[in-house]
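Protein chains: 2
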Amino acid sequence: MTGAIRKETTNYRRSQSAATIRKMSVLVVGSTALDSIKTPTAENPRLLGGSASHAAVAASFFSPVKLIGVVGDDFPKKYLQLYRRHKIDLDGLQIRPGKTFHWSGEYEENMNRRRTLETELGVFETFSPALPESHRRVAFVLLANIAPALQHHVLDQMARPRFVAADTMDLWLNIALPDLLRLLKRVDLFILNDSEAHQLTKEDNVIAALPKLHKLGPRFVIIKKGEHGAILSSPKGMFVAPAYPLKKLVDPTGAGDSFAGGLMGHLATARGSIETNLRRGMIYGSVVASFCCEGFGLTRTTKIKRAHIDRRVRELERLTRF
Amino acid sequence: MTGAIRKETTNYRRSQSAATIRKMSVLVVGSTALDSIKTPTAENPRLLGGSASHAAVAASFFSPVKLIGVVGDDFPKKYLQLYRRHKIDLDGLQIRPGKTFHWSGEYEENMNRRRTLETELGVFETFSPALPESHRRVAFVLLANIAPALQHHVLDQMARPRFVAADTMDLWLNIALPDLLRLLKRVDLFILNDSEAHQLTKEDNVIAALPKLHKLGPRFVIIKKGEHGAILSSPKGMFVAPAYPLKKLVDPTGAGDSFAGGLMGHLATARGSIETNLRRGMIYGSVVASFCCEGFGLTRTTKIKRAHIDRRVRELERLTRF
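Okay, here's the thing in C-alpha cells:
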C-alpha cells in the first residue's frame, strides 16, 4: 500500500458517520467453549475455545467484532478479559447458571485426525441466541460452526446484512442436513472443508464439487484443505489460496474458525470489489490460522499483533510469485 | 513478457554458435515402456508410457530433447513416429531384440491409489545407457524415474552438465537406497512426492522434511503433492506452486514425469535467475501435467500445442493473484 492510498483510506474512514462505522463490524455467532486438548506431546485442560472464540479473536485484528454466544457461570473471568482485550463487544454474550460447553479431544501423531473424547453441552444445550438491538443492523455476519437452527435464528433477527458467511462441520451434515440446506439458500458464502464437500456432493474431486455446492444456494464457496490451502469459487472464477507453510503444527483446533474470522474481519473493512477482497481476505485468514496452529487453543493467536500478520502476508506474496 | 524483452531474447539466441545451441537441449533418461492402464471406467492396453516418454514429450514443448532409453523390437513404429513428431532426438534410444518393458496397473475409484498388476522388464532388464558423443555435452539433464544405478551411469558419461535434476519413486527407496543417496550428492534438483519425502525423512510435515532433504545433497528440492501442487525449496526460500484445477482426472499416470519434463524444458531455454526460472518452470510443468491427466497415457498431451499450455499458464496467473 503506498502512502497516498493509505492516507486516502484514513480520510475516507474519518468522513464516515458513527452509524456507518457500526456497519463495518462483524457479528460472529458460534460456540464459546472450554477445550481440553490432548496431542501426542501435551495435554491442555480448559483452554478458551469454540468456533466463535477463534473466529472473533481472528476477526478482531481487522475490524470491530460483536460476539453472540453463551457461557456458564463457571466461565473463567480471564477469558472475558481476553475477549475485552481484543475489543470484542460482549453485549450479546449470555452468562447463564450452569456449566460452560466443554469439549475434550485428542489428536493423533500426524495431527491430521482428531478424536472427540467427551462433549458436555452444559448451558449450550438450551442456548437461544438473542441479538441486542444494536447488533441487528451489522453488515457482515459470520455464522461460525454451530447448529444450523441457531444460525437460522440469528439471521432471523438481522435487518438485511450486506454479507453473510456460514461455516459448518460434519456433525450437522449427519444430524441436521435439512436445516443446513435451508440455511445455504440464505448465505452469500459457504465455507467448508474438503471432506465435508465430499460428504455433501459425493464428489471426490473438490473442483467437481464446486458447481454442486453453488447449486445449493451460495454465490461464493470456499473449500478449506488444511495445509494445502483453500479454494474460492465465485461467479468470476476460482482463486487458489496457499496455506502459510508451517514447520511444526502444535494444535490445529480452531484453525478453520480463525481462517473464517480473519477473512470476514478483512472483508468488513476492505474497499474494492468483493472478488478482490475475498481473495485478500483468504490470505489474511490463512495467516491467522497459521498462528492459531502454532499454539494450543488461542494461546499463540492472542500473543500476536497486526504487524505479525502483515509480515506473513508479505511472505506469502513472495512465496507464490512467479 | 514485453516486446522489447522478447526481441532481446531472440537476438541473444541468434548470436549463439551452433555449439551453444546444442547446450540448450535437455537430455532425458528414464523408462520407455508400454503401459496397460485400467481405471474404474476404461481399459487401455499397450499405450506409450514410461517416465522418459512422458518427460521427453513434456520438455519438447519448450526445448530440443535427447532421449536415452531402450525398447524391444516389438515397439510399435507409431510410437517412434510420435517421438519424432515432437522432434525428440532418438540417437540415444536403443532398439534391442526382445520385448519392450511392459507395465500394467489399475487405479482405484478416487484415482489417488494405483496398484501394479504386472511388470515385465523385457529388454529393460539388461539396459545399460550408452551416450552418443553428441549427447555428452548437453547442459540440462533430467534423470527421470529409473534405477539410481542407471541414473549414475548416465551422469558418469556427461561432461560437466550445467543443471541436473533427478526424479525417483518409492521402489528405489525400498531396494536401492544407498545408490539413491549417493546420487543425491551429484544432482542440483531432487524431485519427489510427499509420501516419498515422508519415507525418506520420517517427517509427516513436508515443510519439516525440506531441510533434511537438502542435507542429503541437492541445492534445490521440489516436493510434488498431486492435486495440491508442489513446493520448491531453494537457498533463496520456498515457492508454493498451485496445481492447475481439473474437474476430471482421466489417468494420472505420467503426471509427475510430465511435470519434471515441462520444468526442465523451460529451464533449458529460459533467461534470468535460476530461482525465477525454476518457479516459472514449475508452473509450466504443472500445466503439462494437467493435460497429461486428462487422457490415457500420452493421448491428450500429444494433441496439444504450445498455445494451449500458455493459455493455462495465464489462467494460473489469474487463479493465484491476490
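Protein chains in written order, with my numbering: chain L, 1 to 322; chain X, 323 to 644.
Yeah, the Cβ is synthetic: ideal placement off N, Cα and C, and Gly gets one too.
Inset, instruction - Residues of the stretch 192-207 of chain L with a CB closer than 7 Å to any CB of chain A: list them in chain order, please. - result: Considering every chain present, this structure includes no chain A. Its protein chains are L and X.
Inset, instruction - Report the three-state DSSP secondary structure of X/Ile468 (helix, strand or coil). - result: coil
Legend entry - Beta-carbon proximity of L/His153 to L/Ser128, cut-off 8 Å: Going by C-beta atoms, L/His153 is nearer than 8 Å to L/Ser128.
Legend entry - Close beta carbons around L/Thr302, own chain, < 7 Å, minus the five adjacent residues each side: Val57 and Leu82
Inset, instruction - Determine the extent of the alpha helix (DSSP H) in which L/Val313 is found, giving its start and end residues. - result: Counting along the chain, the alpha helix (DSSP H) containing L/Val313 begins and ends at Arg306 to Thr320.
Legend entry - L/Gly30 versus L/Arg279, L/Asp167, L/Val187 and L/Gly72, residue with shortest Cα-Cα distance: L/Asp167
Inset, instruction - Could you tell me if X/Gly594 is buried or exposed, where buried requires 16 or more neighbouring beta carbons within 10 angstroms of its beta carbon? - result: exposed
Inset, instruction - Please decide whether L/His228 counts as near chain X, where near means a Cβ-Cβ distance under 8 Å. - result: yes
Inset, instruction - Could you check the C-alpha separation between L/Arg186 and L/Val313 for me, to the nearest Å? - result: 31 Å
Inset, instruction - Report yes or no: do the stretch 170-178 of chain L and the stretch 196-207 of chain L share at least 3 C-beta pairs separated by less than 8 Å? - result: yes
Legend entry - 8 Å Cβ cut-off: residues of chain L touching X/Ile410: Going along chain L, no residue has its Cβ under 8 Å from X/Ile410, so there is no contact; the nearest lies around 27 Å.
Legend entry - L/Ser134 versus L/Leu90, L/Leu246, L/Asp257 and L/His86, residue with shortest Cα-Cα distance: That would be L/Leu90, whose Cα lies nearest to the Cα of L/Ser134.
Legend entry - Inter-stretch contact at 8 Å, needing at least 3 Cβ pairs: the stretch 347-367 of chain X / the stretch 607-619 of chain X: yes
Inset, instruction - Drop a sphere of 10 angstroms on the beta-carbon of L/Met282, count the other beta-carbons inside from all chains shown, and report buried for 16 or more, exposed for fewer. - result: With 16 or more Cβ atoms within 10 Å of its Cβ, L/Met282 is classed as buried.
Inset, instruction - Report the neighbours of X/Arg601 on chain L: residues whose CB is nearer than 7 Å to its CB, in chain order. - result: Phe322
Inset, instruction - Could you name the residues that DSSP lists as bridge partners for X/Gly559? - result: X/Ser556
Inset, instruction - Rounded to whole angstroms, what's the CA-CA distance from X/Glu637 to L/Ala147? Just pull it up for me. - result: 38 Å
Inset, instruction - Look up L/Lys303 in the DSSP assignment and say whether it is helix, strand or coil. - result: helix
Inset, instruction - Taking 8 Å as the threshold, find out whether the stretch 259-271 of chain L comes into contact with the stretch 572-584 of chain X through three or more Cβ pairs. - result: no
Legend entry - Start-to-end residues for the beta strand (DSSP E) that takes in X/Gln479: It is not in any beta strand (DSSP E) - X/Gln479 carries neither H nor E in the DSSP assignment.
Legend entry - L/Ile88 and L/Val123 closer than 8 Å at C-beta: no
Legend entry - Contacting residues, own chain, Cβ-Cβ under 7 Å from L/Ile95 (five flanking each side not counted): Val71, Asp73 and Phe75
Legend entry - Members of the stretch 568-595 of chain X that neighbour chain L once the beta carbon cut-off is set at 9 Å: Leu568, Lys569, Lys570 and Leu571
Legend entry - Cβ-Cβ separation, L/Gly254 to L/His54 (assumed contact under 8 Å), whole Å: 4 Å
Inset, instruction - Show which residues of chain L have a CB atom less than 8 Å away from the CB atom of X/Lys547. - result: Residues of chain L with a Cβ closer than 8 Å to the Cβ of X/Lys547 are, in chain order, His228.
Inset, instruction - Identify whether L/Gly105 lies in helix, strand or coil by the three-state DSSP scheme. - result: strand
Legend entry - Length of the line joining the Cα atoms of X/Gln659 and X/Arg458: What is shown of chain X runs 323 to 644, which leaves residue 659 of chain X out entirely.
Inset, instruction - Using three-state DSSP, classify L/Glu294 as helix, strand or coil. - result: coil
Inset, instruction - Work out the CA separation of X/Ala452 and X/Lys345 for me, nearest whole Å. - result: Unreliable placement is indicated for X/Lys345, whose pLDDT of 42 sits below 50; the coordinate value is still reported in the next sentence. Approximately 19 Å between the Cα atoms of the pair.
Legend entry - CA nearest to the CA of L/Asp251, picked from L/Asp35, L/Ser25, L/Val28 and L/Leu27: L/Asp35
Inset, instruction - Just grab the DSSP bridge partners of X/Phe542 for me. - result: X/Leu511
Inset, instruction - Please report the residue range of the beta strand (DSSP E) in which L/Phe163 lies. - result: Phe163 to Asp167
Legend entry - X/Tyr566 versus X/Gly551 - alpha carbon distance: 8 Å
Inset, instruction - For the beta strand (DSSP E) holding L/Arg46, just list the boundary residues, first then last. - result: Glu43 to Gly49
Legend entry - Residue burial classification, X/Leu571 (beta-carbon count within 10 angstroms, cutoff 16): X/Leu571 comes out buried.
Inset, instruction - Report yes or no: is there a C-beta of chain X within less than 8 Å of the C-beta of L/Gly237? - result: yes
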